[in-house]
Structures are given as C-alpha cells and as structure tokens.
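The numbers in the numbering used here rise by one with no breaks, and the one at position 486 of the sequence shown is 490.
Each residue gets a CB set at the ideal place from its N, CA and C atoms; glycine is no exception.
In what follows, a single structure is set out as structure tokens and then discussed.
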Amino acid sequence: MSINTIIGSALFETYSKIASAVKTIQKENKTMDEKKILMTELRKQNEAVLKNYNAVAAEFARSFINKNQLNDDHIIEARIGSPTPYGNQPKDYLWSGISIHADKSFSFQYSWVFQKDLLEVTFCFGSGGSSTGRIDASIKEKKEAQMRALEQRFINILVEDRHKPIVLRLIKKEGFVITSEWLNSGEKIQDIESYVSYIRTKTGSKTGITKFFKPDELLNEGFDLEAKLYQYFNLFLPIWEQLHFKDKETNMDDETTGMDIFNYKQGDDQIFGVLQKMKKYINHQGFQYPNKLIENFYLSLKTKPFVILAGISGTGKTKLIQKFAEALGATEAKGQFTLIPVRPDWNDPSDLIGYKDLGGTFRRGKLTYVIEAASEPENRQKPYFICLDEMNLARVEHYFSDLLSILETQRWQDGHIVTDKIVTEDQVGSNFGIPENVFFIGTVNMDETTHPFSKKVLDRANTIEFNHIQLDSFHGLEDIVGITEEESEAVYPAASFLTSDYLQLKDAYANNKDIIQRTVGQLVRINTILENIHAHIGYRVRDSICFYLIYNKRFSLMTTDEAMDMQIMQKILPRIQGNNSVVKKVIIELLLLCITGSTVQSKEYLDGERDVEQLWTKHVTENNVKYPQSSMKLIYMLRRFDDDGFTSFWVS
C-alpha cells in the first residue's frame with residue numbers, strides 16, 4: 005500500500021487537534037486522576053483514525069523492505085499512544101520507517117515522521133532509551149554497547165572519501181540538513197566534521213540527516229512522497245549497507261533477530277559462505293560445475309560486469325548464468341534474468357537497444373526494458389542479468405560496441421557507479437545509463453558459423469572456458485545427497501555483493517599496495533614476452549587483473565597462484581594467435597613461466613635442445629606446476645601449432 009494514500013489535510017489536522025488537546029489537558033486545573041480520565045477519552049476518540057494511519061504506514065514500510073530486499077532490517081510500527089504521567093496519551097505524530105535492529109531506540113533508522121505541521125524524513129540514531137521506560141539494566145547495558153559500536157561504525161564510514169559525497173549530495177542537492185535532535189526540536193549542525201564530533205560525544209544522540217516537508221508541499225498535485233522516499237534511500241544505500249557489517253565482538257544482532265550466520269549485508273569474511281550456499285542451490289537444481297568455477301565466475305563479474313563463457317555446446321554455459329542468477333533470487337519471472345538469443349544478421353545496436361519506426365515511435369529492444377527496470381529506485385539494489393546467447397553468431401563489434409564504449413564511461417557519483425546515457429529522453433521519456441546492478445554475460449562457441457573476437461572486446465571481459473569435460477565426474481550429484489530444501493534456498497545479498505568497489509587502480513592502491521605491486525611485476529614479465537607479437541596488454545587489462553586478485557585476497561576464495569592462473573587463462577591467452585615462428589616462441593616462453601614461474605632457461609627450449617612438453621609432464625607428475633590451467637592450455641596451443649602451422653586460444 006502506498007504511503008501517498010494517507011497524505012491529506014485531514015492527516016495534519018488530526019495530529020494538530022491531538023497536540024492541542026493534550027496540551028490543554030496537561031494545563032487544566034484538575035487532579036492527576038481526572039487528567040488521566042480525560043486523556044483516556046481523547047485516545048478513544050482518535051483511536052480508529054490513528055489505527056488506520058498506522059496500518060497504512062506499517063504496510064508501506066513492509067513493502068519498502070520487500071522491494072529493497074532488506075532481509076535483515078526491521079519495520080518501525082507507529083503506536084497509537086504511550087504511557088505518560090497523564091495516562092495513556094495518544095500520539096500527536098506518526099513515526100514509521102525501517103531500522104537496522106529490532107529495537108529502534110538503540111539502532112540506526114530511516115524514518116518518515118508525520119507531525120501536526122510538517123513531515124520529517126530522516127536517517128537518524130535512536131534515543132538510546134526505552135520508550136516504555138521499563139528495561140532491565142543488564143539488557144540496557146548490552147544494547148548501549150551495541151549502539152556505541154554502531155555509532156563508531158557510522159563515524160568510520162562517514163569519514164571515508166567515497167561516502168562523504170553521499171551526505172553532501174543529500175544536503176546540497178536534496179535539501180537535507182543535519183540536526184542535533186529529531187522531532188523538529190534540534191539545532192542545525194553546520195558540517196560533516198561537526199556532525200561526527202557530536203556523535204562521538206553522546207550515545208543515543210538522536211542526531212539525524214533530515215529533510216523537512218511542509219504540508220503545502222506534500223499536498224501539491226503531482227507530489228509523490230513514495231518516489232522521494234525510495235530516491236533518498238537509494239542515494240544513502242552504500243552507507244546503509246556498510247552499517248550492516250557484522251560486529252563479532254558485540255554480537256550485534258543475536259539478541260533481537262535470531263538470524264542465521266549469513267548477514268546478507270556482507271562483510272568480506274562472509275562472501276565465501278554466501279558462495280557456498282549458492283553452490284548448494286545450483287547443485288540441488290541438478291547442475292554440477294568444476295571446482296572453483298562459481299568462485300571464478302563471481303570474481304569475474306565483481307571485477308567487470310561483462311563476462312564471456314566459451315566452450316563446446318552442451319557444457320552448461322547458459323545454465324550457469326541462469327542458475328547463478330536464480331541462486332541470488334534473480335529469476336526470469338521477476339524480470340531479473342533475461343535471455344537474448346543473438347541472430348546472425350545483427351549489425352548495429354538497434355537489435356538490442358531499439359529503433360524508431362517510420363512513424364517516429366521508439367520501439368524498445370529487450371535490453372532497454374531491462375535497463376529501465378533496473379534503474380527504478382526500488383530496484384537499484386537488485387541484480388539484473390542479461391545472457392547474450394551465442395553472442396558471436398554476429399560480429400560482436402557491430403552490435404555491442406556502443407555498450408562496450410558506454411561501460412568504459414563508468415565513474416563514481418554520490419557513492420554509486422554511473423555511466424553516460426545509452427537511451428535518451430527523446431527515445432523513452434527519460435535518460436538512462438547502464439546502472440551498476442546490470443551484468444552482461446555472453447556465451448560463445450567457436451566454429452565455422454561464428455565470428456572471432458577483437459582485442460577491444462577481449463580487453464573488456466573475462467573469458468571463462470568450458471572445454472575441459474569430465475563425463476565421469478559425479479561430485480556435484482554426491483554433494484546434494486542429504487541437502488534439505490531449506491539448505492538449498494536462494495540467497496538475497498546486498499547490491500554490493502556483485503557491484504565493483506574499484507574503477508581505477510587509484511581506488512584500490514592505498515589499501516592493497518603489496519598485492520598490486522606483485523601482480524604488476526608478474527604482468528611486466530608477461531608483457532615483455534607478448535610484445536614480440538604485439539599482443540601486450542594495456543592499463544585497462546592491468547587494472548582488471550589487479551582488481552580480480554584483490555577481491556580474491558579479500559574474500560579468501562583461492563590461493564594467489566590459483567587466482568593469477570585464472571587471469572592468465574582468461575585475460576592473456578585469448579589474445580594469442582598466429583602462424584609464424586615468433587608466435588611459437590611466445591607460447592614456449594609463457595609456458596615456461598606458467599610451469600616454473602621463470603623463463604631463465606628459455607633459450608634451450610626455444611632452440612629445440614630441450615622438450616618443453618616433457619618439462620610440463622614432469623611437473624604435472626610431481627604436482628608442481630605454478631599455473632596448471634594456463635600451462636595445459638598453452639600445451640594444447642603448442643600442439644595445434646606443430647600440427648597445423650597455426651594456433652589460437654579459440655581453436656586449440
């Protein structure tokens with residue numbers, strides 16, 4: 005139910021009359037018992053209308069949580085009255101919203117508070133006390149400790165360079181102010197630094213980032229409060245998600261929520277567990293994939309929202325995308341998974357985006373429908389997956405180049421990743437870029453009916469190969485024995501689960517200097533080899549590989565060598581093809597690097613004095629290959645060159 009349905013002059017008149025009547029009763033020259041009787045009568049007179057307002061507000065808060073998939077958050081239900089010395093006094097305001105913990109008084113919340121002469125929309129802390137006045141001392145002490153931890157986390161988040169612009173945007177562009185207390189009684193705080201200092205001084209500070217609306221503004225025809233509430237929350241969402249990171253020392257949610265170990269506003273240490281639950285879901289659907297493939301697919305999407313799955317038919321490429329999406333609750337029925345079969349006659353972006361017909365009407369393509377849906381404020385935290393099936397039946401550069409160029413315009417804006425516009429107002433009535441919650445995955449086969457990829461495409465994607473098949477592998481089927489339906493349910497992580505944290509190397513360098521320098525050192529050695537055939541990589545690929553390695557280290561999904569092996573396989577080897585002797589030398593040098601981690605003895609192998617395949621076999625037998633997947637692929641490529649005088653990543 006929409007919150008807009010209760011907005012009217014009657015709402016403000018009701019709370020104005022209650023506020024006036026309460027004040028009159030309190031000032032009357034009567035005994036306290038007489039005042040209590042009058043207060044009870046006042047409450048009864050207004051009970052029906054207050055119940056109606058509160059029910060609508062609660063239903064909207066419930067739908068707000070559901071639409072935003074805020075599975076760990078709690079509804080703030082407005083009350084009709086509260087105990088006071090004057091009796092059970094009716095509320096002269098409606099306080100509704102959502103909070104991070106069940107007890108809003110000891111939590112951070114997003115609230116909309118209707119009063120007699122205004123509406124407050126506020127991101128604020130609770131008072132740090134029970135509204136009933138009755139709370140056990142030991143419980144209160146624990147709740148206060150939890151709240152102090154939450155306040156400290158909020159301070160740490162707020163001082164980060166990537167989060168400050170969110171608050172500044174709310175203040176400078178959306179008309180919010182920082183207040184020292186809510187219910188329109190607090191003084192304004194002038195800047196973020198003073199705000200942080202104020203929070204440090206007092207637990208339960210009641211301070212908030214608040215927007216005030218006068219009744220006249222709300223009652224204007226065309227004003228849509230519901231849309232505003234979604235819009236503001238979408239801006240604030242990166243901070244809200246960070247506030248959910250589990251604090252193990254304070255056991256933040258254990259007392260009030262009873263949630264299982266997965267808090268889906270993930271911290272780095274929870275990503276592994278979420279992926280394990282996703283793998284259980286996929287296995288329970290009857291699909292099995294090689295070890296580390298789900299982790300690799302996840303890291304590839306996290307690094308860049310465009311991934312290519314290559315391999316022979318029937319290996320489950322399309323199903324991987326579909327089941328991965330379903331494991332995140334992103335089903336076709338919800339519009340969050342879209343399969344687009346590519347046609348051989350596609351030669352421009354209109355087949356995806358749309359076109360203007362002879363009458364001048366813009367006919368949306370499938371992609372435009374997805375982008376519009378994903379851009380809606382209530383959907384920005386949900387992942388949307390687009391599967392371009394057999395994407396190289398047509399030349400990818402012809403129909404997909406515009407999207408690749410738009411993806412390269414990614415930049416930070418108010419804590420979110422935005423791009424230049426891909427559809428414009430004259431086409432669909434509004435401007436849309438590619439939102440950060442949309443992910444493109446292409447499936448490809450390489451045969452006589454398909455087209456090769458240019459380096460422009462390969463630079464922008466991780467290419468995951470599916471050619472290594474084990475028909476007698478049953479580990480996935482064995483793993484599902486004994487798994488219950490509950491254990492194999494889909495998970496609903498926060499938007500940040502898949503959204504990139506870095507766009508440029510400078511975003512990651514300060515906190516990841518060591519791993520970046522080690523990775524780049526290895527890439528420099530690889531580039532020296534690739535330069536011989538003009539296949540060396542640029543800064544874009546360097547950054548992408550570094551991000552993949554950083555995410556892997558943060559989430560503890562693979563060893564560093566395993567992750568680097570994946571990246572050589574997916575970002576380096578697809579660039580190699582040719583029919584001259586220099587190509588063979590490059591393959592041999594890369595093979596030596598992938599087997600031993602060094603190329604110091606390369607001359608003997610390049611001159612044919614020693615057999616590099618024998619070296620590979622020896623190291624495989626000893627289980628001592630530095631990058632096993634890449635080295636195996638290079639062996640196949642070398643064999644193809646020796647047999648046919650030509651080789652390529654795609655035909656080996």
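Burial is judged here by how many other beta carbons sit within 10 angstroms of a residue's own beta carbon; Y285 has at least 16 and is buried. Pairing F216 with D96, the inter-Cα distance amounts to about 17 Å. With a contact defined as Cβ atoms closer than 8 Å, I537 and G582 qualify at about 6 Å. Segment contact: the region 543 to 563 against the region 303 to 311, three or more CB-CB distances shorter than 8 Å; contact assigned. Taking the CA atoms as reference points, L247 sits about 29 Å from G339.
The alpha carbon of M570 has as its nearest neighbour, out of V427, E412, S635, L596, the alpha carbon of S635.
With fewer than 16 other Cβ atoms from the protein chains shown falling within 10 Å of its own Cβ, R367 counts as exposed.
The region 313 to 325 makes no contact with the region 358 to 377: fewer than 3 CB pairs, one atom from each, lie closer than 8 Å. Under the 10 Å beta carbon count, R83 is surrounded by fewer than 16 other beta carbons and is classified as exposed. Taking C-beta atoms as the reference points, D272 and R522 fail to come closer than 8 Å. Straight across, the Cα-Cα distance linking T335 with K386 is about 11 Å. For L313, the beta-bridge partners assigned by DSSP are T447, I468.
Closest by C-alpha distance to G179, out of R157, H167, K218, is K218. By the neighbour-count criterion, in which a residue is buried when 16 or more other Cβ atoms sit within 10 angstroms of its Cβ, T183 is buried. The C-beta of R643 has fewer than 16 other C-beta atoms within 10 Å across all chains shown, which makes the residue exposed.
The C-alpha of V528 is placed about 37 Å away from the C-alpha of P497.
Runs of the alpha helix (DSSP H) spanning 4 or more residues and lying entirely within the region 587 to 634 occur at 606 to 610, 616 to 625, in chain order. Taking the Cα of E452 as reference, the smallest distance to any Cα among P348, V422, E626, E613 is reached at P348. The criterion of a C-beta distance shorter than 8 Å is not satisfied by P89 and R47.
DSSP links V442 through a beta bridge to Y388. E493 sits in coil when the DSSP states are folded into three classes, being neither helix nor strand. Put simply, the region 285 to 295 does not touch the region 422 to 439. Fewer than three CB pairs are less than 8 Å apart. Looking at the DSSP output, I143 bridges to nothing.
Assignment of V26 by DSSP, reduced to helix, strand and coil, places it in the helix class. Taking a contact as a CB-CB distance under 8 Å, the pair L332 and A494 counts as one, their CB atoms being some 7 Å apart.
In this structure I426 touches I410 by the C-beta definition: roughly 5 Å separates them, less than 8 Å. Distances from the CA of K21 to each of H105, I170, D121 were compared; the closest alpha carbon is that of D121. A check of alpha carbon separations from Q113 across F127, F341, E401 identifies F127 as the nearest. Residue burial annotation: Q417 is exposed, with fewer than 16 other C-beta atoms found within 10 angstroms of its C-beta. S131 is positioned such that its CB atom lies closer than 8 Å to that of S109. Cβ contact annotation for K144 (same chain, cutoff 7 Å, sequence separation greater than five): none. The region 332 to 413 is shown to contain whole alpha helix (DSSP H) runs of 4 or more residues at 354 to 357, 370 to 379, 400 to 411, in chain order. Pairing V311 with T503, the inter-Cα distance amounts to about 14 Å. Contact annotation, E299 with L561: C-beta distance approximately 4 Å; criterion of less than 8 Å satisfied. When rounded, the separation of the alpha-carbon atoms in T625 and I572 is 22 Å.
The Cβ atoms of V125 and Y293 do not sit closer than 8 Å to each other.
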